[in-house]
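Remarks on the structure that follows.
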Amino acid sequence: MELVQTNIDALNATVKITLTEADYKPQVEKALKLAATKVTMPGFRAGMVPMGMVKKTYGKSILLEELNKVINKGLANYLVQNKLEVLGQPLPKINDTVDIEKGGDLVFNYEMGIAPKIELNFTNANTVNYYTIKLNEQLLSKYKNDITRRNGSYETPQIVGDSDLIYIDLVELDAAGEVLAGGIFRQSTLAIDMIKSESFKNNLIGKTQGDIVVVNVKDLSSSSIDLASILSMDKASAEQITSNFNIKVGTISRVVPAVIGQDFYTKMYGAGVVNNDAEFNAKISEEITAIFANDSDRRLRYDIQTQLLQNINPALPDKFLKRWIKESNQNPLTLEQIDSEYPNYSKALKVQIIESKIMNEYKLGVDRAEVVNATKQMLIEQYFKNAIDTIEESFLIETANKILQKDEEYRRVSDIVLDRKIVGLYKEKFNLSIVQLSYDDFVIKMNEA
1 MELVQTNIDA LNATVKITLT EADYKPQVEK ALKLAATKVT MPGFRAGMVP
51 MGMVKKTYGK SILLEELNKV INKGLANYLV QNKLEVLGQP LPKINDTVDI
101 EKGGDLVFNY EMGIAPKIEL NFTNANTVNY YTIKLNEQLL SKYKNDITRR
151 NGSYETPQIV GDSDLIYIDL VELDAAGEVL AGGIFRQSTL AIDMIKSESF
201 KNNLIGKTQG DIVVVNVKDL SSSSIDLASI LSMDKASAEQ ITSNFNIKVG
251 TISRVVPAVI GQDFYTKMYG AGVVNNDAEF NAKISEEITA IFANDSDRRL
301 RYDIQTQLLQ NINPALPDKF LKRWIKESNQ NPLTLEQIDS EYPNYSKALK
351 VQIIESKIMN EYKLGVDRAE VVNATKQMLI EQYFKNAIDT IEESFLIETA
401 NKILQKDEEY RRVSDIVLDR KIVGLYKEKF NLSIVQLSYD DFVIKMNEA
């Protein structure tokens with residue numbers, strides 16, 4: 001096999017691939033013999049079909065398949081050996097017709113999109129805003145309420161309150177207010193503080209077990225997704241229902257918030273870590289800041305990516321990429337669709353090229369030990385935050401390794417670790433101006449990215 005590259009410009013090239021019979025004939029003959037053992041035709045036992053008939057029926061498709069394998073392997077090796085960075089995958093040249101059945105030497109021509117060469121320069125990096133949330137009494141109070149409820153106890157009161165969860169029976173009614181024969185009957189739950197209809201909410205508050213309230217289905221929830229969950233059906237079906245329902249109150253469940261004090265401090269953070277209200281406020285301030293830190297980092301990365309794009313803005317082989325998108329997409333795309341979506345695609349690709357260069361230049365990588373350690377920390381935060389002193393390290397490692405047996409989980413956590421390293425590098429290389437925002441303004445700023 002011979003491959004000869006011709007550079008059209010800095011971003012586009014062609015590759016002429018010349019195959020001799022020795023490059024592909026052995027693979028084709030092997031594939032034909034294998035096919036002959038499996039082919040069934042009328043009048044012949046399985047595996048006994050004459051090779052001539054096998055070749056006549058399947059020869060061209062097998063030849064094409066084996067040629068593609070040889071070419072793809074050859075191209076892949078060529079790219080690695082020559083350290084070529086390409087965008088997408090090489091594509092057969094348009095209107096390059098080859099008579100593959102003639103035998104002998106075969107010549108194929110492919111087009112390639114070459115990744116642009118870029119230079120990084122952080123020495124003149126501009127100042128970038130780093131947005132954090134400004135803590136106040138309202139935010140601290142809300143957080144305290146949330147964690148005391150999460151760590152509270154449950155009781156079953158007799159009367160529905162404004163923050164209870166109630167178990168209900170739903171019965172669909174007809175236009176006359178009678179039970180609809182063959183209508184919907186469901187057992188479900190309702191969180192009182194999540195009900196958007198004030199009249200329905202007020203009608204439920206104060207009711208006792210066994211009481212019945214009539215409500216229109218649309219007042220159960222303003223969200224069609226939540227309504228589908230309440231009615232135990234798909235979203236599309238739930239959206240079609242307009243009936244009134246009898247809501248019969250069943251068991252009432254109420255969260256009794258934990259009492260803030262030394263026992264609560266010890267349960268939450270371990271003995272001796274938090275000993276008074278001032279230390280508790282300091283601790284939850286750290287926790288709130290940590291919760292929003294991921295959002296702050298995400299916004300910072302977005303703003304820096306925007307600045308890098310403005311400063312570097314690498315050129316792309318646009319014509320080739322549009323063709324590659326069209327031919328590699330599983331669903332047919334029109335040229336209009338590609339032209340419409342290409343600006344966003346090219347922007348994302350440029351960011352990927354820039355950050356790949358950053359990762360290579362600063363040797364940012366992730367090894368398995370880092371992925372395991374990150375998974376352990378996620379387990380602690382999600383399940384064992386209040387019991388870390390009682391959890392064996394060996395148990396955490398074993399559990400983390402079990403989770404990471406799934407390739408998609410390993411990739412997910414690995415990406416998280418790598419993202420943190422990229423943001424960490426940005427914090428080192430860029431001048432950050434800390435900007436504190438109220439909760440509402442912080443949410444608005446995060447949603448802009």
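The working numbering numbers the first residue of the sequence shown as 1 and each following residue consecutively. Quick reminder that beta carbons are idealized off the backbone N, C-alpha and C, glycines included.
Return helix, strand or coil for valine 273, following the three-state DSSP convention.
coil
Can you tell me which of the three DSSP states glutamine 209 falls into?
coil
Does DSSP put aspartate 164 in a helix, in a strand, or in coil?
coil
For glutamate 2, the nearest candidate out of Asp23, Asp162, Leu11, Ser223 (CA to CA):
Asp23
Which of helix, strand or coil DSSP assigns to serine 356:
helix
Looking only at DSSP bridge pairs, what is threonine 6 linked to?
Thr14
Which word fits valine 259, buried or exposed, when buried means at least 16 other C-beta atoms lie within 10 angstroms of its C-beta?
exposed
Going by beta-carbon coordinates alone, are alanine 181 and leucine 165 separated by less than 7 Å?
no
Limits of the alpha helix (DSSP H) - the one that tyrosine 78 falls within:
51-81
Based on Cα-Cα distance, which residue from Arg45, Arg301, Leu11 lies nearest to leucine 432?
Arg301
Exposed or buried, which one is serine 414 when buried takes at least 16 other CB atoms within 10 Å?
buried
Determine the DSSP secondary structure at glutamine 89, reduced to helix, strand or coil.
strand
Nearest by alpha-carbon distance to valine 417: which of Val371, Asp407, Glu111 is it?
Val371
Taking all protein chains shown into account, do 16 or more other C-beta atoms lie within 10 angstroms of the C-beta of isoleucine 284, making it buried, or fewer, making it exposed?
buried
Proline 317 and glycine 152: beta carbons closer than 7 Å?
no
CB valine 249 to CB glutamine 305, shorter than 7 Å?
no
Once the 5 residues before and after valine 179 are set aside, which same chain residues still bring their CB inside 8 Å of it?
Val171, Glu172, Leu173, Asn246
Taking all protein chains shown into account, decide if methionine 48 is buried (16 or more other Cβ within 10 angstroms of its Cβ) or exposed.
exposed
Backbone secondary structure at leucine 204 - three-state DSSP:
helix
Do threonine 189 and tyrosine 154 have their beta-carbon atoms positioned less than 7 Å apart in this structure?
no
Please classify serine 296 as buried or exposed, where buried requires at least 16 neighbouring CB atoms within 10 angstroms.
buried
Counting C-beta neighbours from all protein chains within 10 Å, is the total for leucine 220 16 or more, i.e. buried, or is it exposed?
buried
CB-CB length for isoleucine 353 against alanine 115, believed under 8 Å
6 Å
Anticipated Cβ contact below 8 Å, glutamine 28 with leucine 63, distance rounded:
Going by the sequence as given, residue 28 is valine instead of glutamine. Rounded, the Cβ-Cβ distance is 5 Å, consistent with contact.
Hey, which unbroken runs of the alpha helix (DSSP H) at 4 residues or more fall wholly within the stretch 361-420?
368-379, 393-403
Neighbourhood of leucine 19 by C-beta distance below 6 Å, restricted to the same chain and skipping five residues each side:
Met1, Leu106
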